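See below for the structure under consideration.
Residue numbers (the working numbering), protein chains in the order written: chain A, 70 to 321; chain B, 28 to 229.
Listed below in structure tokens is the structure:
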């Protein structure tokens, strides 16, 4: 593990302890107040965002275009299937930590089907035979289920939108992932990280481009979407009614 | 144009009129969304005419299906109160043009998606969430929920929630960031500029 990641871990942990009591707030009381976007470090975050976009424009985005242009759809799907299949150990662990036995066994079932009969995950046999829909869990979500607040919004260099809770989760996921300890060889773990970055970026090429073209403040739009996305993930898609924006009949 | 194709297009536009009726009180929120969804798919699948004409059809669709005044007001949030009459009028016009332009961009990506009604979930005494799935080619289905408000027996969409992401919330927080820097007039100018950039013919 590089010193950068250790540094992030310590940094995130300090923040999380300081901010664990901050409740996520996505809406206002009457619908007529400024939404709390939870971003006290906005100027710093915007600076890091500008840096990330430069790196993205120089490296990741062109690489994702080349990947999409060169590798046929079937090949990209195979790569995606393998990568998704091997997130199962971390998802399973967090299903268990969140006290969700049904979801844990669904994760395990998919993993065994795809690893055993789907050539280590190259083929998504589980979906084909009608197994339970795939889901992701991570330690950031587990911390939330355990009662941790998100803390201030953080734009991490390279890693992108986050917060102390999710940054701690990121490190915990890496440490608890058996593959981290199997792929101790630098090349193998680099290939995995690289493939994962290419896979994710290429899948969001069109969506992110379209969001950027249709937004007037890309940073603020992404911030809102990230925080909403995490809230939806934490609730496994069933966002409670009180988290919906209050829209009064008449704001006068 | 081939006569058969012309007939099909004519039939399609007649169908579009058939489903484009006002929402009735005895119609459930789900039925309202089904009719609206069919009408939208029709617009997507059959796009005759110039880009400007398609934008106009989209504007008509938004006008009938959405309560754009409520959406626009909620998107401006607390700053609606601070805006004067003129600003409100100019803002709402710019907002609607901005939405028409952004959706025109997005529907260009239409690729044979189909639409399925999954269920309904009451949100509060005024609003219902209508849950739908959009099935896409070679991708996981997309969960899209429509927040439907009933007022005076009429139903209108006031928010679209894609995979748990409220478009209204994200727009509202995005607009707030712009207003805090540049004021309401600055926001109006930005909306107008972006709409013109995306759809010069608007």
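Where is the CB? At the ideal position from N, CA and C, for every residue including glycine.
Please read all numbers here as calculations on a predicted model, not as lab measurements.
Which bits of chain A does residue i rub up against, with CB to CB less than 8 Å?
i: residue 203 of chain B; result: 103, 104, 106 and 289
i: residue 82 of chain B; result: In chain order: nothing, as chain A lies at least about 14 Å away.
i: residue 165 of chain B; result: 142 and 146
Following the continuous beta strand (DSSP E) through residue i, name the residue where it begins and the one where it ends.
i: residue 162 of chain B; result: 154-162
i: residue 93 of chain B; result: Careful: residue 93 of chain B lies outside any beta strand (DSSP E) and carries neither H nor E.
i: residue 173 of chain B; result: 169-178
i: residue 124 of chain A; result: Run containing residue 124 of chain A: none in the beta strand (DSSP E); it sits in the alpha helix (DSSP H), 111-124.
i: residue 186 of chain B; result: 181-189
i: residue 229 of chain A; result: 229-231
Among the options, which has the Cα closest to the Cα of residue i?
i: residue 146 of chain A; options: B:70, B:124 and B:167; result: B:167
i: residue 245 of chain A; options: A:179, A:275, A:163 and A:104; result: A:163
i: residue 226 of chain A; options: A:168, A:120 and A:298; result: A:120
i: residue 187 of chain B; options: B:197, B:181, B:70 and B:178; result: B:197
i: residue 148 of chain B; options: A:308, A:202 and A:317; result: A:308
i: residue 207 of chain A; options: A:167, A:126, A:293 and A:135; result: A:167
i: residue 315 of chain A; options: B:182, B:199, B:145 and B:159; result: B:199
i: residue 194 of chain B; options: B:81, B:129 and B:67; result: B:129
i: residue 104 of chain B; options: B:217, B:201 and B:225; result: B:201
i: residue 285 of chain A; options: B:221, B:227 and B:95; result: B:221
i: residue 133 of chain A; options: A:158, A:248, A:266 and A:283; result: A:266
i: residue 203 of chain A; options: A:229, A:209, A:193 and A:211; result: A:193
i: residue 62 of chain B; options: B:215, B:226 and B:173; result: B:173
i: residue 179 of chain B; options: B:126, B:154 and B:67; result: B:154
i: residue 68 of chain B; options: B:85, B:76, B:57 and B:55; result: B:85
i: residue 103 of chain A; options: B:64, B:101 and B:227; result: B:101
i: residue 72 of chain B; options: B:112, B:139 and B:131; result: B:139
i: residue 190 of chain A; options: A:311, A:127, A:170 and A:151; result: A:151
i: residue 142 of chain B; options: B:158, B:151 and B:114; result: B:158
i: residue 122 of chain B; options: B:183, B:146 and B:218; result: B:218
i: residue 199 of chain A; options: A:179, A:213 and A:216; result: A:179
i: residue 186 of chain A; options: A:154, A:239, A:216 and A:291; result: A:154
i: residue 281 of chain A; options: B:98, B:133, B:150 and B:184; result: B:133
i: residue 112 of chain A; options: A:160, A:242, A:222 and A:144; result: A:222
Against residue i, what residues of chain A qualify as contacts under a CB-to-CB distance less than 9 Å, listed in chain order?
i: residue 91 of chain B; result: Correct list: empty, because the minimum Cβ distance to chain A is about 19 Å.
i: residue 132 of chain B; result: 279, 282 and 283
i: residue 221 of chain B; result: 282, 283, 284 and 285
i: residue 199 of chain B; result: 104, 293 and 314
i: residue 8 of chain B; result: Nothing can be reported for residue 8 of chain B: it is not among the residues displayed for chain B, which extend from 28 to 229.
i: residue 180 of chain B; result: Neighbours of residue 180 of chain B on chain A: none; closest Cβ ~15 Å, over 9 Å.
i: residue 56 of chain B; result: None at all; the shortest Cβ gap to chain A is about 15 Å.
So the alpha helix (DSSP H) residue i belongs to, where does it begin and stop?
i: residue 123 of chain B; result: 112-134
i: residue 243 of chain B; result: This structure cannot speak to residue 243 of chain B, because chain B is shown only from 28 to 229.
i: residue 141 of chain B; result: No alpha helix (DSSP H) contains residue 141 of chain B, which is instead part of the beta strand (DSSP E) from 141-149.
i: residue 105 of chain B; result: Where residue 105 of chain B is concerned, there is no enclosing alpha helix (DSSP H), given that its DSSP letter is neither H nor E.
i: residue 223 of chain A; result: Here residue 223 of chain A belongs to no alpha helix (DSSP H); instead the beta strand (DSSP E) covers 223-225.
i: residue 273 of chain A; result: No alpha helix (DSSP H) holds residue 273 of chain A; DSSP gives it neither H nor E.
i: residue 60 of chain B; result: 56-72
i: residue 130 of chain A; result: 130-139
i: residue 248 of chain A; result: 247-251
Mind listing the chain A neighbours of residue i? Cutoff is C-beta to C-beta under 7 Å, in chain order.
i: residue 109 of chain B; result: Residues of chain A passing the Cβ test: none, with the nearest at roughly 10 Å.
i: residue 97 of chain B; result: 316
i: residue 185 of chain B; result: 316
i: residue 217 of chain B; result: 285
i: residue 129 of chain B; result: 283
i: residue 121 of chain B; result: Those do not exist, as residue 121 of chain B stays about 11 Å from chain A at its closest Cβ, beyond 7 Å.
Show which residues of chain B have a CB atom less than 7 Å away from the CB atom of residue i.
i: residue 306 of chain A; result: 191
Note down, in chain order, every chain B residue with its Cβ under 8 Å from the Cβ of residue i.
i: residue 213 of chain A; result: Residues of chain B passing the Cβ test: none, with the nearest at roughly 14 Å.
i: residue 310 of chain A; result: 150 and 151
i: residue 301 of chain A; result: 190, 191 and 192
Please list the partners that residue i has in chain B, where partner means a Cβ-to-Cβ separation under 9 Å.
i: residue 119 of chain A; result: Ordered by position in chain B, no residue passes the 9 Å Cβ test against residue 119 of chain A, which lies about 15 Å from the chain.
i: residue 266 of chain A; result: By Cβ distance, chain B contributes nothing, its closest Cβ being about 20 Å from residue 266 of chain A, past 9 Å.
Point to revise | Proximal residues, the segment 136-152 of chain B versus chain A, C-beta separation under 9 Å | key: Correct list: 136, 148, 149, 150 and 151.
Exercise for review: List in chain order: all unbroken alpha helix (DSSP H) runs of 4+ residues lying wholly within the segment 285-318 of chain A.
Suggested key: Runs found: 287-303.
Review point. Of all the alpha helix (DSSP H) runs that stay within the bounds of the segment 190-221 of chain A, which reach a length of 4 or more residues?
Key: 194-197 and 208-214, all fully within the segment 190-221 of chain A.
Check your understanding: What residues in the segment 128-147 of chain A have a beta carbon less than 8 Å from any beta carbon of chain B?
Key -> Within the segment 128-147 of chain A, the residues whose Cβ lies closer than 8 Å to some Cβ of chain B are 142 and 146, listed in chain order.
Review point. Taking any Cβ of chain B, which residues in the segment 155-188 of chain A have a Cβ under 8 Å from it, in chain order?
Key: Correct list: empty, as no residue qualifies.
Point to revise | Ordered list of beta strand (DSSP E) runs contained in the segment 148-178 of chain A, each at least 3 residues | key: Here no run is fully enclosed.
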